[in-house]
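Heads up, the thing below is written out as structure tokens.
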Amino acid sequence: MINFRLIRHLWLFHAVAEERNFSRAAKRLGMSQPPLTDQIKVLEHALKIKLFERSRRGAQLTPAGAAILPAVQKFVRQLEQLEFAVKEAAAGQKGTLTVGAVSTALLNELPVLLDRLRAAHPDLTVAVKEIDSVDAVPMLNAGDIDIAFARLEGELGPNIRSLPLADDRLAVALPQDHRLAKGTRIKLAALAEEDFVMFARHVSPVYFDALTAVCLAHGFSPRVLHEVRSVSSQVAFVGCGQGIALVPAAMKSFAPDNVVVRPLTERIRVVTTAMAWNSARENPLIDQVIACLPPRRPSEPTGRRGAASA
Numbered sequence: 004m005i006n007f008r009l010i011r012h013l014w015l016f017h018a019v020a021e022e023r024n025f026s027r028a029a030k031r032l033g034m035s036q037p038p039l040t041d042q043i044k045v046l047e048h049a050l051k052i053k054l055f056e057r058s059r060r061g062a063q064l065t066p067a068g069a070a071i072l073p074a075v076q077k078f079v080r081q082l083e084q085l086e087f088a089v090k091e092a093a094a095g096q097k098g099t100l101t102v103g104a105v106s107t108a109l110l111n112e113l114p115v116l117l118d119r120l121r122a123a124h125p126d127l128t129v130a131v132k133e134i135d136s137v138d139a140v141p142m143l144n145a146g147d148i149d150i151a152f153a154r155l156e157g158e159l160g161p162n163i164r165s166l167p168l169a170d171d172r173l174a175v176a177l178p179q180d181h182r183l184a185k186g187t188r189i190k191l192a193a194l195a196e197e198d199f200v201m202f203a204r205h206v207s208p209v210y211f212d213a214l215t216a217v218c219l220a221h222g223f224s225p226r227v228l229h230e231v232r233s234v235s236s237q238v239a240f241v242g243c244g245q246g247i248a249l250v251p252a253a254m255k256s257f258a259p260d261n262v263v264v265r266p267l268t269e270r271i272r273v274v275t276t277a278m279a280w281n282s283a284r285e286n287p288l289i290d291q292v293i294a295c296l297p298p299r300r301p302s303e304p305t306g307r308r309g310a311a312s313a
């Protein structure tokens with residue numbers, strides 16, 4: 004049975020925790036301070052913990068209060084989303100879709116897809132948040148997002164389905180004055196003694212491991228000097244003279260003047276974006292999204308499939 008009284012008390016706790024002041028929180032909530040103070044005391048009594056230290060400077064969270072705050076913040080966000088969904092339903096909206104996407108998908112696949120969705124389903128509301136690839140599956144499993152657009156490949160879990168959307172030929176980003184920059188194509192083995200700026204393993208384990216495996220297959224283990232959170236950061240680090248980077252060939256269009264992007268002699272491909280969703284969470288909007296997907300976007304005809312394939 005839902006404890007609506009506890010829900011209200013947690014909502015009040017959240018306001019005081021954000022404002023760090025009972026008077027400001029009461030004003031924000033549209034109530035007077037004494038009832039707010041009393042309600043927080045009731046919550047503290049029910050939880051058998053002290054949530055705030057009161058002083059002339061305001062209200063500071065106790066260690067116990069700070070410990071429960073993240074869970075309460077998530078709960079409040081979910082309540083706000085629920086309220087939004089109810090208002091949409093009352094206004095005749097047809098649904099809300101929460102999309103998590105990595106930065107490259109935000110630049111490439113998502114704008115076209117969202118335009119198609121808006122044209123086909125003008126009443127559909129889409130909420131977009133930026134994520135890292137490593138967060139995609141946990142967020143899908145938790146229900147924090149409905150769809151992920153990320154660097155994903157292989158077995159993702161019993162309920163996670165994925166659809167590759169784009170791949171690209173692997174290239175190397177070099178400082179403009181690098182000894183190999185004048186070449187039109189570069190052998191991967193020629194990079195064996197270089198310092199690498201890599202896409203961080205904790206951001207995309209599959210992508211990091213695939214690139215490492217490709218290097219090992221060509222006779223060397225990459226000497227990783229920096230791990231960064233995005234391909235654009237890889238290129239930026241290269242421009243700062245911090246090493247070289249293996250990147251999708253499409254990054255040539257985004258490279259600054261002091262960075263050159265050269266194709267590798269070997270025809271190695273990488274999946275740059277896949278769409279994933281949780282099949283255990285029934286959502287009819289997923290089919291609408293799939294129907295609106297643009298054609299798969301390879302930069303060249305693809306060969307063997309894989310996160311990185313020669």
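Numbering (this note's numbering), first residue to last: 4 to 313. Glycine residues also receive a C-beta, built at the ideal position from the N, C-alpha and C atoms. A quick note: this is a predicted structure, and the numbers were derived from the prediction, not measured.
_Where F223 falls: helix, strand or coil (DSSP)_ = Sequence index remark: in the sequence shown, residue 223 carries index 220 (1-based). In this structure, F223 counts as coil in the three-state DSSP scheme.
_Taking CB distances under 8 Å as the criterion, tell me whether R154 reaches chain C._
In summary, chain C is missing from the structure at hand, where a single protein chain is found.
*asked:* At the level of alpha carbons, what is the spacing between L319 and A20?
replied: Any property of residue 319 remains undetermined from this structure, which presents the chain solely from 4 to 313.
*Have a look at A193, R80, A139, A176 and flag the residue whose alpha-carbon is nearest the alpha-carbon of L159.*
By one-based count along the sequence shown, residue 159 stands at place 156. Of the candidates A193, R80, A139, A176, the one whose C-alpha sits nearest the C-alpha of L159 is A139.
*Counting only the same chain and skipping the five closest in sequence on each side, list residues whose C-beta sits under 7 Å from that of Q96.*
Here residue 96 is taken as the residue at index 93 of the sequence shown, counted from 1. For Q96, the pLDDT reaches just 45, beneath the cut-off of 50, and the residue's location in the model is therefore unreliable, although a value from the coordinates is still provided. These residues qualify, in order along the chain: D126, T128.
*If I'm right that D149 touches L288 with Cβ under 8 Å, what's the distance once you round it to whole angstroms?*
As a position in the sequence shown, residue 149 is number 146, starting the count at 1. As a position in the sequence shown, residue 288 is number 285, starting the count at 1. Right, the Cβ-Cβ distance comes to about 7 Å (below 8 Å), so this counts as a contact.
_For S106, three-class secondary structure by DSSP_ = Working through the sequence shown from its first residue, we reach residue 106 at position 103. The answer is helix: DSSP assigns S106 an H, G or I state.
*asked:* Do R172 and I247 count as a contact pair if the criterion is CB distance below 8 Å?
replied: Locating residue 247 in the sequence shown gives position 244, counting from the first residue. Locating residue 172 in the sequence shown gives position 169, counting from the first residue. In this structure, R172 does not lie closer than 8 Å to I247 by Cβ.
*Helix, strand or coil: how does DSSP classify T215 here?*
In the sequence shown, residue 215 corresponds to position 212, counting from 1. Three-state DSSP puts T215 in a helix.
*Do the stretch 217-236 and the stretch 186-204 meet, that is, are 3 or more Cβ pairs less than 8 Å apart?*
yes
*Mapping DSSP to helix, strand and coil, what is F16?*
As a position in the sequence shown, residue 16 is number 13, starting the count at 1. Residue state, collapsed to three classes: helix.
*Provide the residue(s) that pair with K132 in DSSP beta bridges, ordered along the chain.*
By one-based count along the sequence shown, residue 132 stands at place 129. K132 pairs with G103.
*Pairwise C-alpha distance: E197 and H17*: As a working note, residue 17 is residue 14 in the sequence shown. As a working note, residue 197 is residue 194 in the sequence shown. Cα to Cα, H17 sits roughly 51 Å from E197.
_Pairwise C-alpha distance: I10 and F223_ = Here residue 223 refers to the residue found at position 220 when the sequence shown is read from its first residue. Here residue 10 refers to the residue found at position 7 when the sequence shown is read from its first residue. Straight-line Cα distance between these residues: approximately 57 Å.
*Since L173 is in the beta strand (DSSP E), which residue starts that stretch and which ends it?*
Residue 173 sits at position 170 when you count from the first residue of the sequence shown. Taken as a continuous stretch (DSSP letters only), the beta strand (DSSP E) holding L173 covers 163-178.
*From what residue to what residue does the beta strand (DSSP E) around T276 run?*
Reading the sequence shown from its first residue, position 273 is the one you call residue 276. From DSSP, the beta strand (DSSP E) with T276 extends over 272-281.
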